[in-house]
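Below is one structure; the comments refer to it alone.
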Amino acid sequence: NAGVTQTPKFRILKIGQSMTLQCAQDMNHNYMYWYRQDPGMGLKLIYYSVGAGITDKGEVPNGYNVSRSTTEDFPLRLELAAPSQTSVYFCASAQESYNEQFFGPGTRLTVL
Amino acid sequence: KQEVTQIPAALSVPEGENLVLNCSFTDSAIYNLQWFRQDPGKGLTSLLLIQSSQREQTSGRLNASLDKSSGRSTLYIAASQPGDSATYLCACQASNYQLIWGAGTKLIIKP
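Just so you know, the protein sequences line up as chains L and S, in that order.
Going by this note's numbering, 107 is the number at position 107 of the first sequence; the sequence numbering is gapless.
Going by this note's numbering, 19 is the number at position 19 of the second sequence; the sequence numbering is gapless.
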């Protein structure tokens, strides 16, 4: 199993550009999550999904959108990139909501 | 609102020592508490998950305890090794699926 995979690993965006961060898992997990981690801080939940077709906002959803058309994939969309979105983004998955979460390697995004 | 604190922010100890990392939380209504390890430039690895009904969990040289009444968890690392150097994060899970994270303790084990 590849576990949780994320692409790209690094990206530099200009203010106002858009991009999609990809996340996929091959463990047939129901729950998937997007987090961001700012330097010296803990992670903050952006969006989560409890299954295909179902998504909900986390703590810091503004400026982001998600979709979950399949169990495996959970892409995160940034529509109008802002410097405040410079961060490391982690995708995670879990079989059930209170189970151990498995993390991808992260995407380091810089908005200039 | 749940807040999770990890003190100290950084810790440096000689190889071979036993050590304890601390995690405190403000709301005892949690479903579980998880400890993760984060290596530079890499993702997070789950180390131990303690359900709210449990007092401790063990995996190899690691032992995590949970005291909900006092809002504290500790991660005990026995016989530390240079390979244990990493940032250790704790996170509490509340009823809305959300993990609330501490900022982490950066651990350096000196050979």
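Each residue gets a CB set at the ideal place from its N, CA and C atoms; glycine is no exception.
It should be emphasised that the depicted structure is a prediction, and the values quoted were computed from it without experimental measurement.
Residue-chain proximity (residue i, chain S), Cβ-Cβ < 8 Å
{"i": "Leu109/L", "result": "no"}
{"i": "Pro105/L", "result": "yes"}
{"i": "Glu79/L", "result": "no"}
{"i": "Phe90/L", "result": "yes"}
Reference residue i, options the options, closest by Cα
{"i": "Tyr89/L", "options": "Val20/S, Leu44/S, Arg37/S", "result": "Leu44/S"}
{"i": "Thr105/S", "options": "Ser46/S, Ser69/S, Leu49/S, Cys90/S", "result": "Cys90/S"}
{"i": "Thr86/L", "options": "Gly51/L, Phe10/L, Asn1/L", "result": "Phe10/L"}
{"i": "Ile54/L", "options": "Glu100/L, Gly3/L, Tyr31/L, Gln101/L", "result": "Tyr31/L"}
{"i": "Asn1/L", "options": "Pro8/L, Gln17/L, Ala24/L, Ser18/L", "result": "Ala24/L"}
{"i": "Thr74/S", "options": "Ala103/S, Glu15/S, Gln34/S", "result": "Gln34/S"}
{"i": "Gln93/S", "options": "Asn99/L, Gly63/L, Val50/L, Phe103/L", "result": "Asn99/L"}
{"i": "Val60/L", "options": "Pro111/S, Phe36/S, Asn63/S, Leu99/S", "result": "Leu99/S"}
{"i": "Leu47/S", "options": "Gln38/S, Glu3/S, Ser80/S", "result": "Gln38/S"}
Listed by chain order, chain L residues near residue i by CB distance under 8 Å
{"i": "Gln98/S", "result": "Leu45, Tyr48, Gly58, Glu59"}
{"i": "Val13/S", "result": "Residues of chain L passing the Cβ test: none, with the nearest at roughly 21 Å."}
Chain L contact residues for residue i, given Cβ-Cβ distances below 9 Å
{"i": "Asn22/S", "result": "The contacting residues do not exist; Asn22/S stays about 15 Å from chain L at best."}
{"i": "Gly104/S", "result": "Gly40, Met41, Gly42"}
Beta carbon proximity, residue i to chain L, threshold 8 Å
{"i": "Tyr31/S", "result": "yes"}
{"i": "Ser70/S", "result": "no"}
{"i": "Lys42/S", "result": "yes"}
{"i": "Ser28/S", "result": "no"}
{"i": "Ser73/S", "result": "no"}
Where residue i meets chain S, residues with beta-carbon distance less than 8 Å
{"i": "Gly53/L", "result": "Chain S residues near Gly53/L: none, gap ~16 Å exceeds 8 Å."}
{"i": "Ser67/L", "result": "Those within 8 Å of Ser67/L in chain S number zero; the least Cβ separation is about 18 Å."}
Cβ shell of residue i (< 7 Å), same chain only, five flanking positions each side left out
{"i": "Val111/L", "result": "Leu13, Ile15, Ala81, Ala82, Pro83, Gln85, Thr86"}
Own chain partners of residue i with C-beta closer than 6 Å, once the 5 adjacent residues on each side are dropped
{"i": "Gln51/S", "result": "Asn32"}
Residue i: first and last residue of the uninterrupted beta strand (DSSP E) it sits in
{"i": "Thr55/L", "result": "54 to 57"}
{"i": "Pro118/L", "result": "Nothing can be reported for residue 118/L: it is not among the residues displayed for chain L, which extend from 1 to 112."}
{"i": "Gln22/L", "result": "19 to 25"}
{"i": "Arg61/S", "result": "Taken as a continuous stretch (DSSP letters only), Arg61/S belongs to no beta strand (DSSP E), as it is neither H nor E."}
{"i": "Ile109/S", "result": "105 to 110"}
Nonlocal neighbours in the same chain, by C-beta distance under 8 Å from residue i, ignoring five residues either side
{"i": "Lys68/S", "result": "Ser28, Ile30, Ser52"}
{"i": "Ser97/L", "result": "Tyr31, Val50"}
Interface residues of chain S facing residue i [CB-CB closer than 9 Å]
{"i": "Tyr64/L", "result": "Within 9 Å Cβ-Cβ: nothing; Tyr64/L doesn't reach chain S, min ~16 Å."}
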